[in-house]
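Colleague: Let me give you the structure first, and then I'll get to my questions.
Residue numbers (this note's numbering): 21 to 650.
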């Protein structure tokens with residue numbers, strides 16, 4: 021196996037890394053930045069922008085710019101009512117209550133949009149390495165459920181990747197932190213990103229990384245902190261002018277960007293000014309937003325959000341059977357952990373310990389993913405990773421009860437079986453309803469899927485023996501089988517949540533992604549040709565001006581005409597073939613200029629001032645000179 025990438029597919033930004041010389045290296049994108057915004061935009065002409073280019077035009081194109089897509093991946097439409105209110109683009113219900121985005125009448129799945137981000141990361145990283153790489157390890161929040169993990173894997177497939185492994189973000193961070201650590205330590209990874217919150221407790225030492233417990237909240241992240249500021253700004257503006265800016269999509273996008281900027285500034289300073297001129301207008305004229313936000317006010321606005329981090333931390337410690345005093349190190353992951361109130365809470369929950377500052381919160385997850393990719397590719401030796409499943413898994417049994425087969429925080433991969441029987445006499449089939457969650461009643465947990473085992477011989481209830489087996493692979497993805505022990509008849513399904521894409525949809529999206537990649541390459545080549553044409557026109561025009569009257573008149577008129585035609589063609593986006601034809605004609609016409617320039621140059625070089633006319637044929641004076649070496 022060759023190289024393999026580690027990818028942190030984030031809510032706000034994404035990062036790609038690779039092992040070089042035994043160490044993880046973050047790879048800069050084509051724009052030179054080490055993080056790539058997880059943003060995809062669709063222009064009026066059908067062109068698709070990804071990353072920083074997409075983010076820059078968001079204010080002018082809010083309804084067709086998709087960001088924070090990770091908050092929707094693998095989710096049902098009915099689960100994301102809060103998230104839908106936070107974005108200016110259209111979120112609609114797709115097949116089986118799946119989330120879809122409506123862009124000018126065409127719908128896109130979150131997996132498809134995430135695939136565009138993945139493809140950019142991999143294309144840029146492959147250019148850096150000088151070789152095409154398709155193997156990758158992709159990270160997900162530890163508290164992602166089965167459907168969200170499967171959806172992330174599907175996004176990788178659509179991007180043309182061979183996804184070697186899906187691993188949890190806090191675990192990846194621990195890998196990056198502990199790669200060279202020999203002593204045994206108990207560490208807590210506190211991961212507050214743009215859209216999700218995770219906390220994991222691990223034992224790390226001498227190449228072994230064992231997750232003891234994990235917990236989190238997939239509805240909590242930096243976006244929520246931004247929304248708190250947006251709501252405050254909108255309410256303040258409404259008090260002054262009676263206008264709700266949240267109803268204007270462009271104004272909402274400007275508020276969101278200003279809120280994120282203010283949040284970042286308040287991590288380093290105690291107050292910031294938010295100034296948004298011409299934010300809206302009414303009959304009396306344009307309106308401007310000018311507000312001062314202090315850190316104290318920000319802490320007040322986000323107090324409830326910070327407090328929501330407390331419960332998962334305590335639950336993880338409890339599941340690991342540890343106290344805050346048992347934690348040796350705290351690793352912070354995600355940009356939102358820079359918020360002072362969050363750091364204060366972390367100190368409180370870890371017995372007053374200062375967080376370890378040796379890792380970059382924005383890059384550490386990708387570095388850990390690269391290490392895991394290196395392990396799977398054989399580049400990194402002596403590393404053993406023991407991860408866990410974040411949520412309990414079971415089946416619905418008589419009375420609508422959730423019967424667990426695998427408890428949360430069980431080390432994976434894992435396989436568990438249990439014997440069940442029929443509930444009625446002469447029952448010839450059983451329905452297996454697979455559930456994920458911690459509630460006692462089936463209806464209160466997430467349904468992962470259902471299947472039927474037929475052909476059970478008629479018998480009194482309680483006699484048939486149905487063996488149900490749960491098998492979780494290293495990606496945390498579940499396969500369930502049911503077997504009648506009497507007949508040996510078996511039914512198996514790999515759990516794909518109801519929102520998961522059908523294989524035919526994935527194949528279609530792969531084809532479309534390849535088509536987009538071809539279109540992107542074509543657009544790039546066209547842009548390069550136009551730039552080349554501009555440069556050629558400028559170069560020949562300058563040469564023409566330098567020659568002045570020495571340029572042959574016949575050539576000069578034709579060349580000026582061609583230069584004008586090329587500039588018009590590039591300005592008006594003429595077909596590339598016609599631009600190339602004009603360039604060839606200009607090159608041919610310019611050969612006369614080159615000869616004229618050479619002739620003028622030769623004359624100038626051969627004649628000193630006032631000397632050319634004085635020379636007589638054969639009349640050169642030759643002077644012998646003695647050279648003495650000292």
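Every residue, glycine too, gets a C-beta built ideally from N, C-alpha and C.
(1) Between residue 462 and residue 342, what straight-line distance do the alpha-carbon atoms span, to the nearest angstrom?
(2) Looking at the strands, I want to know which residues DSSP matches up with residue 26.
(3) Taking only the alpha-carbon atoms, compute the straight-line gap between residue 334 and residue 231 and give it to the nearest angstrom.
(4) Can you list, in chain order, the residues of its chain with a C-beta nearer than 6 Å to that of residue 356? Leave out the 5 residues immediately preceding and following it.
(5) Does the stretch 484-497 come into contact with the stretch 182-189, if we say contact requires no fewer than three beta-carbon pairs (one atom in each stretch) closer than 8 Å?
(6) CA-CA distance, residue 435 and residue 489?
(7) Kindly indicate the opening and closing residues of the alpha helix (DSSP H) around residue 251.
(8) Ignore the nearest five residues each way along the sequence and tell me which others in residue 287's own chain have a CB closer than 8 Å to its CB.
(9) Please report the straight-line C-alpha distance between residue 548 and residue 536, rounded to a whole angstrom.
(10) Are the stretch 187-204 and the stretch 379-386 touching, with three or more C-beta to C-beta distances below 8 Å?
(11) Between residue 422 and residue 460, which are expected to be in contact by the criterion C-beta below 8 Å, what is the C-beta distance as a whole number of angstroms?
(12) Which word fits residue 558, buried or exposed, when buried means at least 16 other C-beta atoms lie within 10 angstroms of its C-beta?
(13) Count the CB pairs spanning the stretch 106-120 and the stretch 136-154 that are closer than 8 Å, and state whether there are at least three.
(14) If the criterion is Cβ atoms closer than 7 Å, does the pair residue 672 and residue 154 meet it?
(15) Nearest-angstrom Cα distance between residue 579 and residue 545?
(16) With burial defined as no fewer than 16 other Cβ atoms inside 10 Å of the residue's Cβ, what is the status of residue 481: buried or exposed?
(17) Measure the beta-carbon distance from residue 165 to residue 456 and round it to whole angstroms, keeping in mind my assumption that it falls under 8 Å.
(18) Residue 439 and residue 510 - do their beta-carbons sit closer together than 7 Å?
(19) By the three-class DSSP mapping on this structure, what secondary structure does residue 507 have?
(20) Using CA coordinates, which residue listed in 403, 91 and 106 is at the minimum distance from residue 237?
(21) So, residue 386 versus residue 26, is the Cβ gap smaller than 7 Å?
(22) If contact is defined by three or more beta carbon pairs under 8 Å, each pair taking one atom from either stretch, is the stretch 51-58 in contact with the stretch 67-81?
(23) Let me know the secondary structure DSSP gives residue 95 once reduced to three states.
(24) Among the residues of its own chain, which have a CB less than 7 Å from the CB of residue 292, if the five just before and after it don't count?
(25) Among residues of its own chain, excluding the 5 on either side of residue 22, which ones have a beta-carbon nearer than 8 Å to its beta-carbon?
(26) How far does the beta strand (DSSP E) with residue 377 in it extend, from its first residue to its last?
(27) Going residue by residue through the stretch 175-210, where are the continuous beta strand (DSSP E) segments of at least 3 residues, counting only ones entirely within it?
(28) Do residue 294 and residue 652 come within 7 Å of each other at the CB atom, strictly closer than that value?
(29) Quick one: what does DSSP say residue 108 is sitting in, helix, strand or coil?
(30) Using only the alpha-carbon positions, how far apart do residue 576 and residue 542 sit?
(31) With a threshold of 8 Å on Cβ separation, who are the neighbours of residue 653 within its own chain once the five nearest residues in sequence on each side are excluded?
(32) Taking the continuous alpha helix (DSSP H) assigned at residue 149, which residues delimit it?
(33) State the DSSP-derived secondary structure class of residue 536, mapped to helix, strand or coil.
(34) Could you compute how far the alpha carbon of residue 34 sits from the alpha carbon of residue 607?
(35) Identify the continuous alpha helix (DSSP H) that holds residue 315 and give its terminal residues.
(36) How about residue 159 and residue 443: are their beta carbons less than 7 Å apart?
Modeller: With the structure as the only source:
(1) 30 Å
(2) 37 and 157
(3) 16 Å
(4) 212 and 242
(5) yes
(6) 7 Å
(7) 242-261
(8) 358, 359 and 360
(9) 18 Å
(10) yes
(11) 6 Å
(12) exposed
(13) no
(14) Since the first residue shown for the chain is 21 and the last is 650, residue 672 is missing from the structure and cannot be characterised.
(15) 25 Å
(16) exposed
(17) 6 Å
(18) no
(19) coil
(20) 91
(21) yes
(22) yes
(23) coil
(24) 282, 285, 286 and 313
(25) 151, 153, 155 and 397
(26) No beta strand (DSSP E) contains residue 377, which DSSP labels as neither H nor E.
(27) 182-188
(28) Not covered by the structure: residue 652. The range shown for the chain is 21 to 650.
(29) coil
(30) 34 Å
(31) Absent from the model: residue 653. The displayed extent of the chain is 21 to 650, so no value can be given.
(32) 130-149
(33) helix
(34) 44 Å
(35) 315-321
(36) no
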